[in-house]
Structures are given as C-alpha cells and as structure tokens.
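In my numbering, the protein residues as written are 77 to 353. Everything below concerns the one structure shown next.
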Ligand SMILES: [Zn+2]
C-alpha cells in the first residue's frame with residue numbers, strides 16, 4: 077500500500093515537471109518577435125545552389141594532402157586517398173564553400189567555389205622525365221571505384237547535369253592540369269553513366285576535312301564557347317586559346333594534348349555540342 081502511494085507521488089511529480097517545462101517553452105516562443113511561417117505559402121521557382129563537381133589530384137602523398145587540405149587555406153569537400161582500407165573523407169559539408177577552384181569559369185559562371193563541390197584525389201600528378209616529357213601515374217582501381225560511387229551520390233543529391241562534372245583544367249585552362257590525361261572520364265561515362273561523353277557515330281559524321289579546313293577560327297572558337305569553355309574571342313590561336321584547346325583535349329582526347337585543333341578534336345567537340353545542347 078505504502079509502495080503504491082510513493083509510486084503515485086513520483087508519477088505526479090514527473091507530470092508536473094513536464095507541464096511546467098512545456099509552459100516555459102511556450103512562453104519563450106511567444107516572447108520572440110521573429111515569426112517565420114514556412115508552411116502557408118511556398119514558391120515553385122527555385123533551383124539548387126550546387127551546379128557542378130570538380131575533380132582534382134593533390135600532387136602530394138596522403139599525409140601531406142591531409143595536412144594541406146585541413147590546416148591551410150585550400151580545402152575540398154571530399155578527399156580520396158590512395159589507401160585501400162580507408163573511407164572517403166568528407167572535409168567540408170556540401171552546403172559550405174570549400175576553397176578548391178580558385179579563379180575559374182565554365183558555362184558562363186565564374187568563381188566556381190560558389191557553386192561546385194570539390195573532390196581531391198591523392199595522385200602524384202605530372203612528373204617531368206629526363207627528356208622533358210610529362211609523365212602521369214594512373215589512378216588506382218580502388219580510387220576509381222570510390223570516385224564512381226561518390227560522383228553518383230553527388231550527381232543524384234544535387235541534380236547535377238552531365239556537362240558539369242569537370243576537371244580543374246576545364247575551369248582554369250593553362251593554370252591547372254589536374255586531374256590529368258589519365259583520369260578515366262570515358263570509363264566513368266561508359267561503365268557508370270557519369271558525366272558527359274560523345275557518341276562515336278556523331279564524331280565520325282563530323283570528320284569532314286574539306287568543311288573543317290575552310291572554317292574561320294571564330295567559328296571553331298564559338299563551338300568551344302557553346303560547350304562551356306571560356307575561349308578568348310581573338311581571331312588567332314594565341315597562347316590562351318591554345319591552353320583552352322589543351323584543357324578540352326585533357327578531358328575528351330587524352331591521346332593528343334598538344335593544344336592544336338585538328339579534325340578529330342573538332343569532330344569530338346561538334347559531337348558533344350550535338351548531344352548536350
Ligand atoms: Zn586542382
């Protein structure tokens with residue numbers, strides 16, 4: 077009997093406590109002059125702030141990549157090391173700006189730190205050999221698998237269009253070469269449907285040397301601009317324009333990255349513009 081009495085007392089205490097707590101919360105709410113109603117009216121005109129993903133190589137080992145990306149003024153949203161048994165590291169939340177792109181532009185947008193997600197991959201980058209040639213080291217199979225999974229997740233989460241899955245070199249031609257000619261753009265497209273790639277049949281249809289040889293420089297340059305590259309509007313292939321061509325080749329024609337627009341480079345560009353209008 078006594079036991080039950082105590083039980084009732086305790087229950088009453090708890091109930092009383094919750095009533096007091098609720099009144100206190102309610103009062104606090106009523107006191108606040110800021111009232112936001114996000115239920116009654118909602119807009120239909122809006123889109124995502126994130127428009128693209130930019131791929132980089134760190135040109136550093138794991139330890140140095142982590143140190144630089146976490147302790148200095150450069151950063152990325154994600155880091156993929158070259159260690160097999162570790163996760164992909166998230167260093168900056170998607171809704172925050174990471175400082176990975178620098179001076180950059182693509183598809184009429186500049187300062188791409190504002191609107192893109194940056195992924196850094198541990199890879200040594202270009203190594204100059206004795207004869208002055210640039211040598212690149214392939215990405216590991218494990219890294220490629222991680223890149224594919226992460227890209228799929230980000231593309232779906234932020235509704236990113238194929239053309240906006242880009243390399244640092246695409247958005248900063250000349251200044252940047254990463255992720256380099258060994259980045260598997262073609263495989264990512266063919267095996268996982270990630271990013272943009274041309275159809276071979278379209279490329280072949282544009283391989284007409286006679287038409288190509290008669291084209292004014294500006295007509296060719298307009299095709300680069302149409303796809304999204306910041307191509308200078310000069311009537312010549314100056315060094316800045318050549319850098320843009322090289323950036324395009326690093327992405328879509330890695331077998332030849334000499335910066336010269338030959339028939340095949342032009343045909344690939346036309347095929348891309350046909351597919352991603
Ligand atoms: Zn980079």
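Each residue gets a CB set at the ideal place from its N, CA and C atoms; glycine is no exception. Since we're looking at a predicted model, the values are computed, not measured.
Exposed is the label assigned to residue 314, since fewer than 16 other Cβ atoms lie within 10 Å of its Cβ.
In this structure residue 194 is buried. Its beta-carbon is surrounded by 16 or more other beta-carbon atoms within 10 angstroms. Judged by their CB atoms, residue 343 and residue 300 are not nearer to each other than the 7 angstroms cut-off.
According to the DSSP assignment, residue 132 belongs to the beta strand (DSSP E) that extends over 128 to 133. If the five residues before and after residue 230 are omitted, its C-beta is found closer than 7 angstroms to the C-beta atoms of 129, 193 and 236, all from its own chain and listed in chain order. A direct Cα-Cα distance of roughly 46 angstroms separates residue 228 from residue 107. For residue 138, the CB contacts under 8 angstroms within the same chain, skipping 5 residues up- and downstream, are 157, 158, 159 and 198 in chain order. In this structure, the alpha-carbon of residue 189 lies about 13 angstroms from that of residue 240. Contact check between the stretch 119 to 135 and the stretch 242 to 253: three or more CB pairs, one atom from each, fall below 8 angstroms, which counts as touching. Using a 10 angstroms sphere on the CB of residue 132, the tally of other CB atoms reaches 16 or more, which defines it as buried.
The beta-bridge partner set that DSSP reports for residue 165 consists of 155.
Residue 164 sits away from residue 233, with the two beta carbons spaced by 7 angstroms or more. Listed in chain order, the alpha helix (DSSP H) elements of length 4 or more contained wholly in the stretch 233 to 315 are 244 to 247, 261 to 268, 276 to 281, 285 to 290 and 293 to 303. The three-state secondary structure of residue 203, taken from DSSP, is strand. With fewer than 16 other beta carbons inside 10 angstroms of its own, residue 149 counts as exposed. Residue 172 and residue 253 have their C-alpha atoms roughly 25 angstroms apart. Contact check for residue 326 and residue 256: beta-carbon distance about 7 angstroms, within the 8 angstroms limit, so the pair qualifies. Residue burial annotation: residue 279 is buried, with at least 16 other C-beta atoms found within 10 angstroms of its C-beta. The three-state secondary structure of residue 116, taken from DSSP, is coil. Remark: the shortest separation between the CB of residue 153 and any heavy atom of ligand 1 does not fall under 6 angstroms.
Rounded to the nearest whole angstrom, the C-alpha separation of residue 341 and residue 348 is 11 angstroms. Relative to ligand 1, the beta carbon of residue 246 is positioned no closer than 6 angstroms to any heavy atom. Not one heavy atom of ligand 1 sits closer than 6 angstroms to the Cβ of residue 327. For residue 193, the uninterrupted beta strand (DSSP E) run begins and ends at 192 to 197, by DSSP. In this structure, the C-beta of residue 169 stays at least 6 angstroms away from each heavy atom of ligand 1.
Straight across, the Cα-Cα distance linking residue 307 with residue 258 is about 24 angstroms.
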